[in-house]
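Using our numbering, you'd call the opening residue of the sequence shown number 247 and step up by one each time. To keep things clear, I will list the structure first and then write my remarks on it.
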Amino acid sequence: MSFISELSNVFKPVWPEFKESVRVRIDSEPSAPEKVVADLAAIEGAVDVYCWYEGARSLPESGALFMKRELFEPLYQFKSDAKLCLYSLRAWSFAKSVSKMAVSTPIGDAINRINTAAIESISSSSFFKYCANTSKEDPLYLFINEELPKKQWLLELSAAQKKSGRSVASLFDDRVSLFDCIKKLDVTAAYSAMQYVEGYYLIQESVRKGLLKREKKIQIAFVLPNNESKYYLDLPKDIGKMLELAFGKELNGVEVTISFQFFLYGETMDARPYIDKKSEASKVEAKTVCSYFDYLSQQSSFASNAKRVEIRDDE
247 MSFISELSNV FKPVWPEFKE SVRVRIDSEP SAPEKVVADL AAIEGAVDVY
297 CWYEGARSLP ESGALFMKRE LFEPLYQFKS DAKLCLYSLR AWSFAKSVSK
347 MAVSTPIGDA INRINTAAIE SISSSSFFKY CANTSKEDPL YLFINEELPK
397 KQWLLELSAA QKKSGRSVAS LFDDRVSLFD CIKKLDVTAA YSAMQYVEGY
447 YLIQESVRKG LLKREKKIQI AFVLPNNESK YYLDLPKDIG KMLELAFGKE
497 LNGVEVTISF QFFLYGETMD ARPYIDKKSE ASKVEAKTVC SYFDYLSQQS
547 SFASNAKRVE IRDDE
């Protein structure tokens, strides 16, 4: 063994053990939407429910209607203390570098005028900006840059995608990011690896907000279409360590429960409600998106804030 190898072993970080207080369940197969709703309704206490909503290019009317009728409205009928965290994927179009990504979208702004206690739109630009706000000394940076290249099964998921011509380094303005270990890859080839870390980002956001409110029980559920489970196969192995690196002793005495559930949609496993490949397909606009959540006004606990807002659709 060389002197350099010995030094690297001596100074190799020792990652924290998986915290027993962090429990993760990932369903292996998608289920009918009604079963997903029933499973969510069976959760005792408040829960953040994450769904991919606005796509990278648009929000198809067909997908928005499906999610309203099959998931959102039935869920609120049985569990009004579930908070919908609707994730906009617009930043995943990679049209702009991270420093130039918009903080929100017109559709996201409209959703956030309804009632953020019951429903909230989150822009994926926040994820990319989070990944850019790091340093090479950050324990999470060190962990991700050591562990992510080992996940060949994950990198292979998007390795064959058509190249965009933009590298990960270019996406992050050639500055330090959590993805320095894959910065030479085209963004399309790095897609699956970045989505894996995105799952952690959203989890830590719920944990961070829960800790600020001094909650001792934080419950998080991801409700995603068809075969999206393929991106998170070994997240249960990593998530406890990553949360420990981020929050340390703040997690003492706090129970974090995370579930990933998947619903059947469309005719093939690669179908997504937020993607419609037909160019003539109708799209939801910011001025009409509130109508997909009109059922909230029927809930007395949300009625005071569920008001229609006239806004300008500038996209």
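Backbone N, C-alpha and C fix where the C-beta goes; we use that ideal spot for every residue, glycine too.
Notebook entry, point to check: If we ignore side chains and look at the alpha-carbon of each, how far apart do Val-422 and Ala-302 end up?
Noted result: Using only the alpha carbons, I get a separation of about 24 angstroms.
Check: Pairing CB atoms from the stretch 306-325 with CB atoms from the stretch 507-523, are three or more of them under 8 angstroms?
Finding: Judged by Cβ distances under 8 angstroms, the stretch 306-325 makes contact with the stretch 507-523, as three or more pairs qualify.
Notebook entry, point to check: Hey, quick one: how far does the beta strand (DSSP E) through Pro-471 stretch, first residue to last?
Noted result: For Pro-471, the enclosing beta strand (DSSP E) starts and ends at 463-471.
Next item on the list: Go ahead and label Lys-325 buried or exposed: buried means 16 or more other beta carbons lie within 10 angstroms of its beta carbon, across all protein chains shown.
Entry: Burial call: buried.
Check: With a CB to CB cut of under 8 angstroms and the five nearest residues on each side skipped, what residues in its chain are close to Leu-479?
Finding: Within the same chain, Ile-272, Trp-399 and Leu-400 come within 8 angstroms of Leu-479 by CB-CB distance, once the 5 residues on both sides are set aside.
Check: How do the stretch 272-291 and the stretch 495-515 stand: do at least 3 beta-carbon pairs fall below 8 angstroms, yes or no?
Finding: The count of Cβ pairs closer than 8 angstroms, one atom from the stretch 272-291 and one from the stretch 495-515, reaches three, so the stretches are in contact.
Item checked: Cutoff 7 angstroms; reference Tyr-387; Cβ partners in own chain excluding five residues on either side -> If we look at Tyr-387 and ignore the five residues flanking it on each side, its Cβ neighbours are Thr-380, Ser-381 and Leu-424.
Notebook entry, point to check: If we call anything under 8 angstroms between Cβ atoms a contact, is Ile-497 one with Ser-267?
Noted result: The sequence shown places Leu at residue 497, rather than the Ile named in the question. Yes, these two residues count as a Cβ contact at 8 angstroms.
Check: In three-state DSSP terms, what is Arg-271?
Finding: Arg-271: strand per DSSP, three-state reduction.
Next item on the list: Please say whether Ser-410 and Val-433 have beta carbons closer to each other than 8 angstroms?
Entry: With respect to the 8 angstroms criterion, Val-433 and Ser-410 are classified as neighbours on the basis of their beta carbons.
Item checked: Counted within 10 angstroms of its Cβ, other Cβ atoms place Glu-526 as buried (16 or more) or exposed -> With fewer than 16 other Cβ atoms inside 10 Å of its own Cβ, Glu-526 counts as exposed.
Next item on the list: Just the C-alpha distance for Ser-367 and Met-488, rounded to the nearest angstrom, thanks.
Entry: Rounded to whole angstroms, Ser-367 to Met-488 spans 24 angstroms at the Cα level.
Next item on the list: Tell me, to the nearest whole angstrom, how far the beta carbon of Thr-351 is from that of Ser-369; I am working on the premise that it is less than 8 angstroms.
Entry: The pair is a contact, with the Cβ atoms about 6 angstroms apart (cut-off 8 angstroms).
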